[in-house]
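Below you'll find the structure, written out as structure tokens, and then a few comments.
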Amino acid sequence: MTARLAGLTVGLVFGVVLAWSGLSSPDVIREALLFESAYLYLLFASAVLVAAAGLALLRRRETRALLTRAPIDWTPERPARRHIAGAAIFGLGWGIADACPGPIANQVGQGIAWGLFTFAGVVIGVYLFLRQDQPETEPATDAPVSAARAPA
Amino acid sequence: MLHSQLAWYVAGPLLGLCVVGCRALFNARLGVTGGFSEIIGRLRQGQSTFDWRGWFLFGVILGGTAYALAAGGPDFHGYGWLTDHLTGSAELAIGPILLGAGVLIGYGAKLAGGCTSGNGLSGTAMFSPAALAATATFFGTAIVVTFVIEAVVG
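Take a look at the structure:
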């Protein structure tokens, strides 16, 4: 229950920022991809910088995760063909719709009807992948321990 | 719209802190596709309870609703190049185009092990070589696709 509430809260912050920054707007994304505006790149770089610094700090303190009590750690993943192929398929869709999963969900929340089409598409795409029963590529946790199971 | 746009140096660090928050709370990687996957995977198995990743996605949706309520409407109108260029009877093509793009986005993100948030934001901050390769690939592909569209319709 606590974990769900925490997930919802982080999602709310993430969602408000996506809308307020204009990242949910296809025009903002398109301007960035055409190199007409540096906004997205500056935002992205500052986000990664803050995230990287925060993660490094967490890891160095050797703490445990507040809700799962899992030791805070992760193992770097080697690039494989599926990362490149999947990202190319993803990039094709992103360039056409000028929105990725976060902004798409966010658009629907804002009441933008066009977003329903893309949202339905993402649901179908994820379903088609899951139907193949391939090993899970979206790890819930990165803990190197085998008992790494997402809490309910 | 632009007059109220959050400055990049506020929005970026806030998104970065969300990534740190997921690590501190769950020792997990923040990713929106993970939320989609959690919900669809559970529903497939006939379950209707979702872990925090599903609730994170609900939050991303409701965050959009909260913004629209506070701002008195959505952040934008129309839909980018599609509604600018496909008018009249051509407008009927927009829905199918967005649906098809969505399928590519959903399937591609699962195959690559993450989308813009999972690989692009969280994975790069973890210095994961796989995420760095995926991020370079999807940014490069999207830039090429956008320039091609611009050349055709612009």
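Just so you know, the protein sequences line up as chains A and B, in that order.
Take the first sequence: its letter number 27 is residue 27 in my numbering, and every next letter is one higher.
One rule links them: number in my numbering = place in the second sequence (from 1) + 1000.
Idealized CB from N, CA, C, for every residue including glycine.
Bear in mind that the values here come from a model prediction, so they are computed numbers and not experimental data.
Same chain, Cβ closer than 7 Å to A:A65, five either side skipped, listed in chain order: The answer, listed in chain order, is I72.
B:V1020 at chain A interface by Cβ criterion, 9 Å: yes
Reference B:W1008; option with closest CA among A:L12, A:T2, A:V28, A:G91: A:V28
Minimum C-alpha distance to B:A1133 - residue among A:Y39, A:G102, A:R82, A:F35: Residue A:R82 is the option with its Cα nearest to B:A1133.
Within 9 Å, strictly: CB atoms of A:F117 and B:G1095: yes
Residue burial classification, A:R60 (beta-carbon count within 10 angstroms, cutoff 16): exposed
Assigned exposure category for B:S1128 - 16 Cβ within 10 Å defines buried: With a threshold of 16 other beta carbon atoms within 10 Å, B:S1128 meets it and is buried.
is_contact[A:R60, chain B] using C-beta, thresh 9 Å: no
Straight-line gap, B:A1024 to B:T1087 (C-alpha atoms, nearest Å): Taking the straight line joining both Cα atoms gives about 48 Å.
Distance CB(B:G1012)-CB(A:L43) smaller than 9 Å: yes
Validate contact between the region 1130-1145 of chain B and the region 49-60 of chain A using beta carbons, cut 8 Å, 3 pairs: Verdict: no, contact absent.
Residue from B:G1123, B:G1108, B:A1142 whose Cα sits closest to the Cα of A:T75: B:G1123
Min CB distance B:S1089 to chain A below 9 Å: Not closer than 9 Å to any Cβ of chain A, the Cβ of B:S1089 fails to qualify, so no.
Per-residue contacts from B:C1111 into chain A (C-beta, under 9 Å): For the sequence presented, residue 1111 of chain B should be read as Leu rather than Cys. What B:L1111 touches in chain A: R82, H83, A85, G86, A87, I89, F90, F129, Q134, T137.
Best match in B:E1038, B:D1075, B:A1070 for proximity to B:K1110 [C-alpha to C-alpha]: B:E1038
Buried/exposed call for A:R131, threshold 16 Cβ in 10 Å: exposed
Closest Cα partner of A:G121 within the set B:C1022, B:G1100, B:S1048: Of the candidates B:C1022, B:G1100, B:S1048, B:G1100 places its Cα closest to the Cα of A:G121.
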